[in-house]
Structure formats: structure tokens, C-alpha cells
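So the structure is just underneath, and the comments pick up after that.
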Ligand SMILES: [Zn+2]
Ligand SMILES: [Zn+2]
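In the numbering used here, the protein residues as written are 2 to 431.
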């Protein structure tokens, strides 16, 4: 018994060789057997295809547990406090969302709370449930399929690292107005963020589904270096299994099977147009209102950047300018251009366009920084007529721009860029 426990502690995981279709360029790749610490990338577009981190069950579990404990502490310990002209105020982590709720910005308050705390906590609990069951019970837990489905659905909306940058930017903004003291809750939150990232960075959806339901093998021989669709198969978006295009539903995870995202370009363009409409009030209306000694100052996003620049906070001004002005515009323009090139059957720069799409998808969430900064300033600077900050209408519009552009990027199917590719042409050239 003791020997088997000792052996199971040191048992190395292996991931068997398998066929895999790239989710970004549809190339069919024969992935060799992976040892712990290995990862495989697509030879055509560079997308990560499969990975097996060291201690693949233990590591996410340990980091997730530490992260959850730190989140609990961050909620109960003082987060930030300020002192200005003898008046003091403090805030807890929860108040970053709840004060917005009291100010009648209820939807914004819910979005902030979901992104910075509730969804990350759900993801961590699901990691503990799934990975803990496999590590210590050696069999799938009762609701393994539902847990795995929800874990990978919620992950893109967890923005703990963006919230942390929002807190740091707020600290620099406040430092010029009042004395700030950092509570233990803040340090717990920093550790929570680091542990959260460490826990989720090595999760692999396909590997987890292989553990839960066993690997799905293709029914007929496959030829690598050729598009998957040309061979009548497509990767499942829910679990990564290679499925026949004849199927309507994945037999392993229940996800609907579509060789390409249905009406990908039309949906993406519609969401981008909605983002453009929302972008106007987000920039023209005030994002926050500052009340100092009875007089109110309204500041827009750009006004805030100019103010920070004039105060000499150049790095923070640059961060806000890039995150709130450059990123949303660049993201909307890039997606419009990608849709246009796909619609006009452009055959150039396929690899470059796929990289641009990947970058667009990665940076989109960082625009939430300014929304989080407003949430923190509103919760912390509440000293009546002496100095108080209230949210402005643009905060809601701006959060909507970020959410809508993230949805637009999710709707765009990057495999459309590569459709019509001939056998091995790109592999041989690049
Ligand atoms: Zn690829
Ligand atoms: Zn599936």
C-alpha cells in the first residue's frame, strides 16, 4: 500500500502520439508522444497544439488551492486605505464592485465582480474538483464532463491580472492626491493573481477530455500536412477531438460540430459595428466625475490621459493611453481588415494574419484596465465634499466595448484565412 502510494507520487505521465487539427489553420498534424514538460506547436502557424506540463495533475491543483486561500484572505483583510487632510477612508476588495452597485451602476458592478473575483474563483474550484479527483481518487469525479466544459468556457472571462494592473495604476493616480497605505489584503491579492496564472497557464482541454472519456481515434487513415476539412474531419471546439464533418454533435463532449464557425464573418462584423457605435459615448462622455471642495470636474478617457501626462506620470499615462485608446481601435480595425481579406479571398500573408488574430485575441481583455481603475477610485475616494469620485456614463459604454470586441474576436474563425490552401504548399515554403 505504502509502496503503491510512493510509486504513484513519482509516476510520470506520458501523452500518446495522436493526430490533431490546428484550431487556427486547420492543418492536420501527427503529434508525437509527449513526455512531461513537452509541448507541440503547429508547423504552419505556430499555434500551440498540445502540451504536457511537469506534474500535470499536482501543479494546477496546488496552485489553485493556494490561490483560493489567498483570495479568501484578500476579501477579509483591509485592501487599501487613504488619508487626505486628516480625513481617512479604506476599502475592501469586495467594495471595488459593491460601491458601483450602490451608485446605481449595477450592470457594471456585476461585470467588475464577475471578471475580478467570481469567475476566477469558479475556475479555481473546478480545477480543484477535477484535478484533485484524478490525483487522489484516480477516477473521474461525478460531474467531470460538466466541470471540464464550464472550466474552459469561463477561463477567457477571468481577468485577475488586468484587475491587478488596474490597482497599480489607481495607486499611482491616488498617490498625487492623498497618502495611500496598502493593506495585507492587497498583498494576498497579488499572490492570488500569481498563483491563479500559474494554475491555469498549463491547463490543456484535450488532455483533460482524454482523461475523462478516453481518446477518440479517427475512423480512417489520415494524411498529415493536409487541411483537416479536405480529409472530411474537423476538430471539436469543445474537446479538441478529431470528428467526421458528417456529425452534428461531438460524441465525447456534446459540443455542436461545425467545420467552420457558422456565419463567422457576418457575426464578427455585426459585433464590430456595435463596438464602433458604443465607442463614441465611451470616449465623448465622462468616465468619472471628481468632486473637490464642492466643485465637480468631469473627465473623459483622453482627458484623464492628458491630466496624467501633465502631472508627470508618463508611464501611467502611456499605459492608460495604450490600453484604453490604442488597443480598442487597433483591435476593431484589425478584425475589420481580417474579415475583409477573408471575404475578398486574399491569399497573402496568411501566417502574419493568423498572428495578428492571435495578438488581437490576447490584448483585447487589457482594455478593461480603465474600467477597473474607475471602480477602485470610486470605492476608495469617498470623503464627502472634500474629495469624492463618482463613475461616469462612459464607464459602462467602455466596458461594453471591451466585452463586444472580445465576443467579435471569438466569432472570427481564423481557419477561414487558410481555406483553399493546396497540399503542403505552405509547409514546404515556410
Ligand atoms: Zn496551425
Ligand atoms: Zn468534443
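We treat Cβ as the ideally placed atom computed from N, Cα and C, and that holds for glycine.
Beta-carbon contacts of residue i that lie in its chain and below 8 Å, excluding the five residues immediately before and after
| i | result |
| --- | --- |
| residue 115 | 158 |
| residue 187 | 75, 80, 81 and 168 |
| residue 395 | 282, 283, 284, 285, 286, 287, 288, 301 and 302 |
| residue 418 | 26, 339, 342, 343, 351, 354, 355 and 358 |
| residue 184 | 78, 79, 80, 81, 82 and 91 |
CA-to-CA distance, residue j to residue i, given in whole angstroms
| i | j | result |
| --- | --- | --- |
| residue 326 | residue 301 | 11 Å |
| residue 88 | residue 94 | 21 Å |
| residue 48 | residue 293 | 51 Å |
| residue 199 | residue 231 | 38 Å |
| residue 376 | residue 390 | 10 Å |
| residue 373 | residue 133 | 33 Å |
| residue 28 | residue 320 | 37 Å |
| residue 30 | residue 226 | 6 Å |
| residue 328 | residue 280 | 12 Å |
| residue 201 | residue 207 | 14 Å |
| residue 121 | residue 69 | 9 Å |
| residue 42 | residue 13 | 22 Å |
| residue 363 | residue 127 | 23 Å |
| residue 260 | residue 236 | 8 Å |
| residue 248 | residue 221 | 15 Å |
| residue 296 | residue 174 | 19 Å |
| residue 270 | residue 62 | 40 Å |
Sequence-distant residues of its chain with Cβ nearer than 7 Å to residue i (five each side left out)
| i | result |
| --- | --- |
| residue 337 | 273 |
| residue 384 | 85, 88 and 90 |
| residue 234 | 22, 219, 243, 244, 245 and 246 |
| residue 268 | 412 |
| residue 150 | 239 and 254 |
| residue 194 | 161, 162 and 165 |
Neighbourhood of residue i by C-beta, 6 Å cutoff - its chain only, sequence neighbours within 5 removed
| i | result |
| --- | --- |
| residue 91 | 79 and 82 |
| residue 433 | Shown here, the chain extends from 2 to 431; a query on residue 433 therefore has no answer. |
| residue 299 | 287 and 290 |
| residue 19 | 32 |
| residue 125 | 65, 68 and 69 |
| residue 420 | none |
Beta carbon of residue i nearer than 7 Å to that of residue j
| i | j | result |
| --- | --- | --- |
| residue 228 | residue 256 | no |
| residue 361 | residue 410 | yes |
| residue 71 | residue 189 | yes |
| residue 358 | residue 334 | no |
| residue 276 | residue 402 | yes |
| residue 119 | residue 110 | no |
| residue 176 | residue 283 | no |
| residue 378 | residue 171 | yes |
| residue 39 | residue 265 | no |
| residue 97 | residue 380 | yes |
| residue 123 | residue 65 | no |
| residue 25 | residue 355 | yes |
| residue 60 | residue 35 | no |
| residue 161 | residue 197 | yes |
| residue 136 | residue 58 | yes |
| residue 104 | residue 392 | yes |
| residue 307 | residue 322 | no |
| residue 213 | residue 141 | yes |
Closer than 6 Å: residue i CB and nearest ligand 3 heavy atom
| i | result |
| --- | --- |
| residue 215 | For ligand 3, the structure offers nothing, since it holds only ligand 1 and ligand 2. |
Would you check if the segment 301-316 and the segment 144-162 touch, i.e. whether three or more CB-CB distances between them fall below 8 Å?
-> no
Unbroken stretches of the beta strand (DSSP E), 3 residues or longer, contained in the segment 197-249 | 234-236 and 243-245
At which residue ranges does the segment 273-322 contain complete beta strand (DSSP E) runs of 3 or more residues, listed in the order of the chain?
-> Runs of the beta strand (DSSP E) inside the segment 273-322: 289-293 and 296-300.
On the three-pair Cβ rule with 8 Å, is the segment 399-406 touching the segment 130-146?
-> no
Counting Cβ pairs closer than 8 Å, one from the segment 343-350 and one from the segment 359-368, do we hit at least three?
-> Two segments are said to touch when three or more pairs of C-beta atoms, one from each, lie closer than 8 Å; by this definition the segment 343-350 does not touch the segment 359-368.
Contact the segment 52-65 vs the segment 347-357: 3+ CB pairs below 8 Å = no
Which residue spans inside the segment 147-192 form an unbroken beta strand (DSSP E) run of at least 3?
-> 180-183
Mind listing, in chain order, the continuous beta strand (DSSP E) runs of no fewer than 3 residues lying wholly within the segment 331-408?
-> 388-392
Whole runs of the beta strand (DSSP E) within the segment 74-147, excluding any shorter than 3 residues | 81-85 and 88-92
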